[in-house]
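Chemist: I'd like to ask you about the structure that follows.
2 protein chains.
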Amino acid sequence: MFEIGRKYEISSLTNEKVKFINSLSQRKYRRETNLFVAEGVRICKEALENGWEIKYLLFDKSNKQNLIIENLINQALSLGSDVVGVTSDILTKISHKENPQNVLGVFVQRWSKLPKAINVETFVALECIRDPGNLGTILRTMDGVGATNCILLNECTDPFSYEAVRASMGAIFNVKVIASTNEKFFEWKKNNKISFIGTSLSNAVNYTKTDWKLPFVLLMGNEQNGLSNKVLNQCDQLIKMPMLGKSDSLNLAVSAGIALYESIRKNPK
Amino acid sequence: MFEIGRKYEISSLTNEKVKFINSLSQRKYRRETNLFVAEGVRICKEALENGWEIKYLLFDKSNKQNLIIENLINQALSLGSDVVGVTSDILTKISHKENPQNVLGVFVQRWSKLPKAINVETFVALECIRDPGNLGTILRTMDGVGATNCILLNECTDPFSYEAVRASMGAIFNVKVIASTNEKFFEWKKNNKISFIGTSLSNAVNYTKTDWKLPFVLLMGNEQNGLSNKVLNQCDQLIKMPMLGKSDSLNLAVSAGIALYESIRKNPK
Numbered sequence: 010m011f012e013i014g015r016k017y018e019i020s021s022l023t024n025e026k027v028k029f030i031n032s033l034s035q036r037k038y039r040r041e042t043n044l045f046v047a048e049g050v051r052i053c054k055e056a057l058e059n060g061w062e063i064k065y066l067l068f069d070k071s072n073k074q075n076l077i078i079e080n081l082i083n084q085a086l087s088l089g090s091d092v093v094g095v096t097s098d099i100l101t102k103i104s105h106k107e108n109p110q111n112v113l114g115v116f117v118q119r120w121s122k123l124p125k126a127i128n129v130e131t132f133v134a135l136e137c138i139r140d141p142g143n144l145g146t147i148l149r150t151m152d153g154v155g156a157t158n159c160i161l162l163n164e165c166t167d168p169f170s171y172e173a174v175r176a177s178m179g180a181i182f183n184v185k186v187i188a189s190t191n192e193k194f195f196e197w198k199k200n201n202k203i204s205f206i207g208t209s210l211s212n213a214v215n216y217t218k219t220d221w222k223l224p225f226v227l228l229m230g231n232e233q234n235g236l237s238n239k240v241l242n243q244c245d246q247l248i249k250m251p252m253l254g255k256s257d258s259l260n261l262a263v264s265a266g267i268a269l270y271e272s273i274r275k276n277p278k
Numbered sequence: 010m011f012e013i014g015r016k017y018e019i020s021s022l023t024n025e026k027v028k029f030i031n032s033l034s035q036r037k038y039r040r041e042t043n044l045f046v047a048e049g050v051r052i053c054k055e056a057l058e059n060g061w062e063i064k065y066l067l068f069d070k071s072n073k074q075n076l077i078i079e080n081l082i083n084q085a086l087s088l089g090s091d092v093v094g095v096t097s098d099i100l101t102k103i104s105h106k107e108n109p110q111n112v113l114g115v116f117v118q119r120w121s122k123l124p125k126a127i128n129v130e131t132f133v134a135l136e137c138i139r140d141p142g143n144l145g146t147i148l149r150t151m152d153g154v155g156a157t158n159c160i161l162l163n164e165c166t167d168p169f170s171y172e173a174v175r176a177s178m179g180a181i182f183n184v185k186v187i188a189s190t191n192e193k194f195f196e197w198k199k200n201n202k203i204s205f206i207g208t209s210l211s212n213a214v215n216y217t218k219t220d221w222k223l224p225f226v227l228l229m230g231n232e233q234n235g236l237s238n239k240v241l242n243q244c245d246q247l248i249k250m251p252m253l254g255k256s257d258s259l260n261l262a263v264s265a266g267i268a269l270y271e272s273i274r275k276n277p278k
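Protein chains in written order, with this note's numbering: chain A, 10 to 278; chain B, 10 to 278.
Structure (C-alpha cells):
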C-alpha cells in the first residue's frame with residue numbers, strides 16, 4: 010500500500026495509484042481492499058461528517074477551487090488522507106462517466122452486524138437482489154423514512170459498487186448495511202420477537218391493510234423470483250400492491266418505497 | 010429499406026440488416042426510422058397482442074424452439090414481418106447485453122396526441138427527465154395503477170430507448186406516450202379544466218393531504234432540478250413526501266410510485 014496524509018499531484022493515466030483506485034470498480038478488488046469510491050463534493054463532505062474513514066481524496070487540479078472544496082481538502086488532510094490533484098482525464102477514467110464529479114473519495118467500507126438489542130424501528134431485508142441501482146435507491150428511500158438498518162441476505166449485489174453508491178445519493182453513509190445468512194437472520198428474529206413483513210404476489214393482503222406495528226422487518230426478494238420459500242415461510246404477514254393494468258409487478262425499489270411510506274403513515278413521529 | 014414478410018437466416022455480424030437494427034440503439038437512428046427494439050418473448054407477444062406493428066422478429070436459431078416462440082414466429086410472419094434466425098453473437102451485439110433474451114422485435118414507434126376529450130382518469134406529465142430507467146419504471150408503475158397517458162414535456166429521455174423499454178417491462182406497449190411543449194400542454198389544461206398536481210420540495214403539502222379527485226395530471230420534473238417555475242406556476246396543488254433522514258429527496262420513480270398509489274387509494278375502483 011501507499012503512504013497517506015500528503016498532498017500531491019498525478020497527471021498520468023497509467024500511474025499505479027490511478028490504476029489501483031480504478032480497480033475498485035471491480036467487486037473482487039473492493040473485497041480484497043475493503044475500500045470503495047464515492048463521488049461528488051456534497052457526498053464526500055457528508056461521509057466525513059459521519060466519521061467515515063477516507064484514504065484518498067481526488068480533485069480536479071485544473072478547476073479553480075471553491076471554498077467548499079478547499080475545506081474538504083483540509084479536512085481530508087487532517088484525517089491523514091492522501092489528497093491528490095488529478096487531471097479531468099483521470100477523474101473520467103476512474104468514475105467511468107463522461108461528465109465526472111470534480112471530487113472523488115476512496116473510503117473504507119463499513120459492514121455492521123445484526124444489532125443485539127432492537128428499538129421501535131424499521132428494518133429492511135433484501136434477499137439475493139441483483140440490481141445495484143435498486144439497492145442504492147432503496148437505501149435512499151430508507152434514509153427518507155428514517156430506517157437505518159438494511160440487511161442483505163445471502164448473495165446480493167454490492168452496496169459499495171459505483172452504481173449502488175451513486176443511486177443511494179449519499180444514503181450509503183447514513184444507513185447501516187448488514188450481511189447475513191438466512192440461518193443467522195431467522196435466529197435473530199426468534200431472539201428479538203420482531204415481526205417479518207414480506208412482499209409476495211400470491212397469498213398476500215393489500216399493503217394498506219397490513220399491521221405495520223414497530224419494530225418490523227420489511228422483506229423483499231430478487232427482481233425475477235421474489236422471496237424464496239424459506240424466507241416466505243418465516244414471514245408473519247405477506248403484502249402486495251394492487252395491480253390494475255397488465256403488468257403483474259412493480260419495480261423492486263418502487264414497491265419498497267410504497268411499503269415504507271405506508272409504514273411511516275401508520276407510525277407517525 | 011428491405012423487403013418484409015419472409016423467413017431467413019443471418020450469421021454474419023457485419024450483415025447490413027444486423028448493422029441497421031444495431032443502429033437503433035442510437036436515438037438519432039430511432040428518430041430517422043421511427044423504429045425501436047424490444048426484447049423477450051413475453052414482451053414481444055404482448056406487443057403483437059396490443060396491435061403494435063412489427064418489422065423484424067429475430068430469434069436464436071441455435072436454440073431448440075418452444076411452442077411459444079413458434080407461435081410468435083407464425084404470428085409475426087402473418088403480420089408481414091421479416092422473421093430472422095440469427096446467431097447468439099448477433100443477439101448479444103444488438104441487445105448490448107451479455108445474456109440477451111432469445112427473441113428480439115423491431116417495432117414501429119407510436120406517439121399519441123393530447124386527447125381531445127378526457128375521462129375520469131390519471132395522467133402523468135414529466136418535464137425534461139433524463140434517466141431512461143426512471144422513465145421506463147414510471148411507465149411500469151402507471152400501468153400498475155391503470156394510468157394510460159404519459160405526457161413528456163420539452164426534451165425528455167427517449168421512451169423508446171433500450172433502457173427505457175427494458176425498465177418498462179412491457180408497459181411501453183400499454184401506456185400511451187405523448188410529446189408536448191409547455192404551451193400546448195397549458196392550453197390543453199385550460200380547455201379541459203383538469204387539475205395539475207406537481208411535486209416540489211418547497212411550498213408543498215404532504216401527499217396524503219392532497220385532493221386526488223379525478224381527472225388530474227401528476228407532474229414531475231427533472232432529476233436534478235425538479236419542475237421549472239413555468240410549470241410550477243400552472244399547478245393547482247404542490248405535494249411532497251415527508252423526509253425523515255438526511256436525504257432531501259427521493260428517487261423520481263419512487264416518488265411517482267408513492268404518489269400514484271396514494272391516488273388510487275383515494276379513488277378506489
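Just so it is clear, CB atoms sit at the ideal spot from N, CA and C, and this is done for glycine as well.
Step through the CB atoms of chain B and report whether any lies within less than 7 angstroms of the CB of A:Thr-219.
Modeler: no
Chemist: Should A:Ser-104 be labelled buried (16 or more other beta-carbon atoms within 10 Å of its own) or exposed?
Modeler: buried
Chemist: Counting contacts by CB-CB distance shorter than 7 angstroms, is A:Met-252 in contact with chain B?
Modeler: At least one chain B Cβ lies under 7 angstroms of A:Met-252.
Chemist: Are the C-beta atoms of A:Ala-85 and some chain B residue less than 7 angstroms apart?
Modeler: no
Chemist: Could you check the C-alpha separation between A:Thr-219 and A:Asn-111 for me, to the nearest Å?
Modeler: 45 angstroms
Chemist: Is A:Val-267 close to chain B? Criterion is C-beta to C-beta, closer than 7 angstroms.
Modeler: Correcting the residue type first, residue 267 of chain A is Ile in the shown sequence and not Val. Yes - at least one Cβ of chain B is within 7 angstroms of the one on A:Ile-267.
Chemist: Looking at B:Ser-121 and B:Leu-162, is the spacing between their C-beta atoms short of 7 angstroms?
Modeler: No.
Chemist: May I ask which residues mark the beginning and end of the alpha helix (DSSP H) holding A:Ser-189?
Modeler: Premise fails: A:Ser-189 lies in the beta strand (DSSP E), 185 to 189, not in any alpha helix (DSSP H).
Chemist: How about B:Ile-267 and B:Val-154: are their beta carbons less than 7 angstroms apart?
Modeler: no
Chemist: Quick one: grab the DSSP three-state call for B:Lys-16.
Modeler: strand
Chemist: Out of A:Ser-90, A:Leu-100, A:Leu-44 and A:Arg-36, point me to the one whose CA is closest to A:Leu-22's CA.
Modeler: A:Leu-100
Chemist: For the candidate residues B:Tyr-270, B:Leu-253, B:Leu-223 and B:Tyr-17, whose alpha-carbon lies nearest to that of B:Val-129?
Modeler: B:Leu-223
Chemist: Taking DSSP as the reference, what is the three-state secondary structure of B:Ile-63?
Modeler: strand
Chemist: Near A:Cys-244, which residues of its chain fall below 6 angstroms by C-beta distance, leaving aside the five closest residues on each side in sequence?
Modeler: Phe-205 and Gly-207
Chemist: Per DSSP, what kind of secondary structure is B:Ser-211 in: helix, strand or coil?
Modeler: In the displayed model, B:Ser-211 falls within coil according to three-state DSSP, outside both helix and strand.
Chemist: Along chain B, in chain order, which residues have C-beta atoms closer than 9 angstroms to that of A:Ala-262?
Modeler: Thr-146, Asn-260, Ala-262, Val-263 and Gly-266
Chemist: For a contact defined as C-beta to C-beta under 7 angstroms, what are the partners of B:Asn-183 on chain A?
Modeler: Gly-254 and Lys-255
Chemist: Less than 7 angstroms between the C-beta atoms of B:Tyr-57 and B:Leu-44, yes or no?
Modeler: It should be pointed out that residue 57 of chain B corresponds to Leu in this sequence rather than to Tyr. The answer is no: Cβ separation not under 7 angstroms.
Chemist: DSSP state of B:Gly-230, grouped into three classes?
Modeler: coil
Chemist: Just to confirm my understanding: we take B:Phe-169, look at its own chain, exclude 5 residues before and 5 after, and list those with CB closer than 6 angstroms. What are they?
Modeler: Arg-39, Phe-45 and Gln-118
Chemist: Looking at the C-beta of B:Ala-47, does it have a partner C-beta in chain A at a distance below 7 angstroms?
Modeler: no
Chemist: Could you name the residues of the same chain whose beta carbon sits closer than 7 angstroms to that of A:Ile-138, not counting the 5 residues immediately before and after it, in chain order?
Modeler: Leu-144, Cys-165, Thr-166, Asn-231, Glu-232 and Leu-261
Chemist: So, with DSSP's three-state summary, where would you put B:Ala-85?
Modeler: In this structure, DSSP gives B:Ala-85 a helical state, which the three-state scheme calls helix.
Chemist: Kindly say whether B:Gly-153, judged by its beta-carbon, lies nearer than 7 angstroms to any beta-carbon of chain A.
Modeler: Yes - at least one Cβ of chain A is within 7 angstroms of the one on B:Gly-153.
Chemist: Look up B:Thr-131 in the DSSP assignment and say whether it is helix, strand or coil.
Modeler: strand
Chemist: Would you kindly report the start and end of the unbroken alpha helix (DSSP H) that includes A:Gly-145?
Modeler: 141 to 154
Chemist: Quick one: which unbroken alpha helix (DSSP H) runs of 4-plus residues sit fully inside the stretch 94 to 122 of chain B? Chain order, please.
Modeler: 97 to 104
Chemist: Measure the alpha-carbon distance for A:Ile-77 versus A:Gly-89 and round it to whole angstroms.
Modeler: CA-CA distance, A:Ile-77 to A:Gly-89, rounds to 19 angstroms.
Chemist: For the stretch 190 to 202 of chain B, which residues have a CB atom closer than 7 angstroms to at least one CB atom of chain A, in sequence order?
Modeler: none
Chemist: With B:Val-133 and B:Ile-160 assumed to form a contact (beta carbons below 8 angstroms), what rounded beta-carbon distance in angstroms separates them?
Modeler: 7 angstroms between Cβ atoms; contact.
Chemist: Measure the Cβ-Cβ separation of A:Arg-148 and A:Met-229 and say whether it is below 7 angstroms.
Modeler: Looking at the sequence shown, residue 148 of chain A is not Arg but Leu. It is not a contact, given that the beta carbons lie outside the stated cut-off.
Chemist: Only counting the same chain, and skipping five residues up and downstream in sequence, which positions put a Cβ closer than 7 angstroms to that of A:Ala-47?
Modeler: Cys-53, Ala-56, Gly-114, Phe-116 and Val-174
Chemist: Which residues, taken in chain order from the stretch 116 to 139 of chain A, show a beta carbon closer than 7 angstroms to some beta carbon of chain B?
Modeler: none
Chemist: Residues in its own chain within less than 6 angstroms of A:Leu-227 by CB, not counting five upstream and five downstream?
Modeler: Val-133, Ile-206 and Ala-268
Chemist: Got a sec? Which residues, its chain only, sit under 6 angstroms from B:Val-92 by beta carbon, not counting five neighbours each side?
Modeler: Lys-16, Leu-66, Ile-82, Ala-85 and Leu-86
Chemist: From B:Lys-26, B:Met-250 and B:Asn-75, pick the residue whose C-alpha is nearest to that of B:Lys-64; which is it?
Modeler: Measuring C-alpha to C-alpha distances from B:Lys-64 to each of B:Lys-26, B:Met-250 and B:Asn-75 identifies B:Lys-26 as the nearest.
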